[in-house]
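What follows is a short report on a single structure.
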Amino acid sequence: MRKLFYLLIATLVLVSCGNDSKKKTGENQAEEIQSNRIEVLYFHGAQRCITCRAIETNTEALLDSLYSKEKADGKIIYKVIDISKKENEAIADKYEVTWSSLFVNGWKDGKENVNNMTEFSFSNAKNTPDKFKEGIKSKIDELLKQL
Numbered sequence: 071m072r073k074l075f076y077l078l079i080a081t082l083v084l085v086s087c088g089n090d091s092k093k094k095t096g097e098n099q100a101e102e103i104q105s106n107r108i109e110v111l112y113f114h115g116a117q118r119c120i121t122c123r124a125i126e127t128n129t130e131a132l133l134d135s136l137y138s139k140e141k142a143d144g145k146i147i148y149k150v151i152d153i154s155k156k157e158n159e160a161i162a163d164k165y166e167v168t169w170s171s172l173f174v175n176g177w178k179d180g181k182e183n184v185n186n187m188t189e190f191s192f193s194n195a196k197n198t199p200d201k202f203k204e205g206i207k208s209k210i211d212e213l214l215k216q217l
């Protein structure tokens with residue numbers, strides 16, 4: 071009986087020591103979050119109009135054609151976020167997003183420079199995609215110079 075008790079205690083100690091890996095992962099994520107970068111965040115709901123889809127398509131085309139190296143290096147991070155999903159509520163609340171939106175944000179030394187490009191995007195993505203791409207490119211280039 072005593073051996074069983076000691077075996078149980080030893081097992082609990084070993085199992086509890088294994089939980090430290092989650093903390094290390096969280097610390098690594100915090101370090102990664104603090105790195106200098108540009109985040110291109112496209113928010114959308116479950117149902118999207120033609121213009122909403124044009125924003126996503128043109129943003130992806132621009133990033134893939136002109137910034138593939140920066141994406142691979144982690145200097146530019148592109149995220150498509152479905153605001154209708156529960157797990158995305160926190161980020162939608164952070165940026166006060168309630169419908170399709172596009173943000174091009176710069177991070178430098180842990181500080182975020184938020185650029186809401188939603189109005190510009192809806193005005194240009196569908197009917198004047200070249201103007202849309204040039205505007206987003208201009209903002210990204212401006213932020214890249216600040217990194």
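All the letters of the sequence shown, read from the start, carry residue numbers 71 to 217 under the numbering used here.
Where is the CB? At the ideal position from N, CA and C, for every residue including glycine.
Nearest candidate by alpha-carbon position, reference residue i, set the options
i      : options                           : result
Ser105 : Ser208, Gly176, Arg123 and Phe190 : Gly176
Asn185 : Ile206, Ile161 and Glu126         : Ile206
Glu56  : Lys201, Lys139, Tyr165 and Tyr112 : This structure gives no information on residue 56, because the portion of the chain shown stretches from 71 to 217.
Tyr148 : Lys201, Leu133 and Ala160         : Leu133
Asp200 : Arg118, Cys122, Ala131 and Val167 : Ala131
Cβ neighbour criterion (16 or more within 10 Å) applied to residue i
i      : result
Ile120 : exposed
Ser154 : exposed
Val150 : exposed
Ala116 : exposed
Ala162 : buried
Lys203 : buried
Ser191 : buried
Ser170 : buried
Residue i - DSSP class collapsed to helix/strand/coil
i      : result
Gly205 : helix
Glu166 : coil
Lys178 : strand
Lys141 : helix
Lys215 : helix
Arg107 : strand
Lys196 : coil
Ser171 : strand
Lys149 : strand
Close beta carbons around residue i, own chain, < 7 Å, minus the five adjacent residues each side
i      : result
Lys209 : Val174, Asn185 and Met187
Thr129 : Val110, Tyr112, Leu172 and Ile206
Lys178 : Asn106, Gln216 and Leu217
Ala195 : Thr121, Ala124, Ile125, Asn128 and Phe202
Leu136 : Lys207
Any non-hydrogen atom of the ligand GTP closer than 6 Å to residue i Cβ
i      : result
Ile210 : The ligand GTP is not part of this structure, which contains no ligands at all.
Spatial distance of residue i from residue j (CA atoms)
i      : j      : result
Ala124 : Ser193 : 11 Å
Leu213 : Ile108 : 7 Å
Glu157 : Asn197 : 33 Å
Asp152 : His114 : 5 Å
Ile146 : Glu140 : 5 Å
Thr168 : Ala142 : 30 Å
Sequence-distant residues of its chain with Cβ nearer than 8 Å to residue i (five each side left out)
i      : result
Asn183 : Asn175, Gly176, Trp177, Leu213 and Gln216
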